[in-house]
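Novice: Sharing a structure below in structure tokens format, with a few things to ask.
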Amino acid sequence: TRGASHYVLCKALEDGETLFLDMALYPTTDYTFAGHDAFQNRIEILFYKGDAPIYPDYQSDLSEFFSEFARKEGLTGDLPEVDLPEDAKVELWYGLDGMEQYSYLYYGYLSDVNAFVYTSSVEEAYASIVDGLKQAGFVLDSTTPKGNEVYVNRDTKFGSYILLFKDAARGLIRLKQGGAGLDF
Numbered sequence: 049t050r051g052a053s054h055y056v057l058c059k060a061l062e063d064g065e066t067l068f069l070d071m072a073l074y075p076t077t078d079y080t081f082a083g084h085d086a087f088q089n090r091i092e093i094l095f096y097k098g099d100a101p102i103y104p105d106y107q108s109d110l111s112e113f114f115s116e117f118a119r120k121e122g123l124t125g126d127l128p129e130v131d132l133p134e135d136a137k138v139e140l141w142y143g144l145d146g147m148e149q150y151s152y153l154y155y156g157y158l159s160d161v162n163a164f165v166y167t168s169s170v171e172e173a174y175a176s177i178v179d180g181l182k183q184a185g186f187v188l189d190s191t192t193p194k195g196n197e198v199y200v201n202r203d204t205k206f207g208s209y210i211l212l213f214k215d216a217a218r219g220l221i222r223l224k225q226g227g228a229g230l231d232f
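Below, the structure is given as structure tokens:
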């Protein structure tokens with residue numbers, strides 16, 4: 049995962065179920081919650097019962113991400129088409145529509161649609177994502193102080209925004225529904 053360190057511990061319970069403790073350490077330079085600038089790291093802790101640990105859902109392309117993004121944003125029309133490098137893996141995290149019905153939490157990303165693209169060809173993948181967004185009617189809205197880009201499709205009442213983070217050193221690109229904080 050993206051975590052600097054990631055541990056999954058388990059304990060068998062008397063009733064036969066297994067309790068899992070999933071703990072990951074992330075640098076606060078990742079897009080994170082308010083107060084990130086007061087700390088260097090954040091720790092995400094997840095407790096859940098199950099038969100096995102929860103594993104990320106890896107895809108080979110971004111089509112499912114864009115379908116979910118369009119559904120949540122109310123977009124109609126063509127979705128972006130992106131040709132990712134052959135070694136790319138896409139990790140998907142969806143925000144929860146009905147938070148009262150969750151069985152576990154999605155590592156803190158509760159309101160947005162997120163995709164993390166892992167590849168050894170970050171620049172190639174990033175260029176393909178930007179090209180796909182532009183062909184689907186998105187335009188560059190802004191560039192953040194840290195060089196991240198926000199694209200917008202104005203075919204909805206308030207606009208539909210996608211924030212792109214590129215981290216070539218870690219071999220990943222993050223696509224996030226919505227805009228960016230002032231210091232990202």
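Heads up, the working numbering is the position in the sequence shown plus 48, with the first residue counted as 1. Glycine included, each C-beta is placed from N, C-alpha and C at the ideal position. Treat the numbers as computed from the prediction; the structure is a model and nothing was measured.
1) Helix, strand or coil for L181 per DSSP?
2) Which residue's Cα is closest to the Cα of A163: Y55, Y106, Q88, A60?
3) Please list the terminal residues of the continuous alpha helix (DSSP H) segment that includes A118.
4) Name the two residues that bound the continuous beta strand (DSSP E) containing R222.
5) Which value, in whole angstroms, describes the spacing of the CA atoms of D70 and W141?
6) State whether the stretch 111 to 122 contacts the stretch 201 to 213, with contact taken as three or more CB pairs (one from each stretch) at a distance under 8 Å.
7) Cutting at 6 Å between CB atoms, please list the residues of its own chain near K59, excluding the five before and the five after it.
8) Please confirm whether P75 and N89 have their CB atoms less than 8 Å apart.
9) Where do the N-terminal and C-terminal ends of the beta strand (DSSP E) with V138 fall, by residue?
Specialist: For this structure:
1) Here residue 181 refers to the residue found at position 133 when the sequence shown is read from its first residue. DSSP places L181 in helix when its eight states are reduced to three.
2) Sequence index remark: in the sequence shown, residue 163 carries index 115 (1-based). The shortest Cα separation from A163 among Y55, Y106, Q88, A60 belongs to Y106.
3) Locating residue 118 in the sequence shown gives position 70, counting from the first residue. Note, A118: alpha helix (DSSP H), 111 to 121.
4) Within the sequence shown, the letter at position 174 stands for residue 222. Segment 220 to 225, the beta strand (DSSP E) holding R222.
5) As a working mapping, residue 70 is identified with position 22 in the sequence shown. As a working mapping, residue 141 is identified with position 93 in the sequence shown. Each residue's Cα considered, the two are about 16 Å apart.
6) yes
7) Counting from one through the sequence shown, the residue named residue 59 turns up at place 11. Closer than 6 Å at Cβ, skipping near neighbours: L67.
8) For the purposes of this step, residue 75 is taken as the residue at position 27 of the sequence shown. For the purposes of this step, residue 89 is taken as the residue at position 41 of the sequence shown. Yes, Cβ-Cβ distance for P75 and N89 is below 8 Å.
9) The count along the sequence shown starts at 1 and reaches residue 138 at position 90. 137 to 141 is the span of the beta strand (DSSP E), which, as asked, contains V138.
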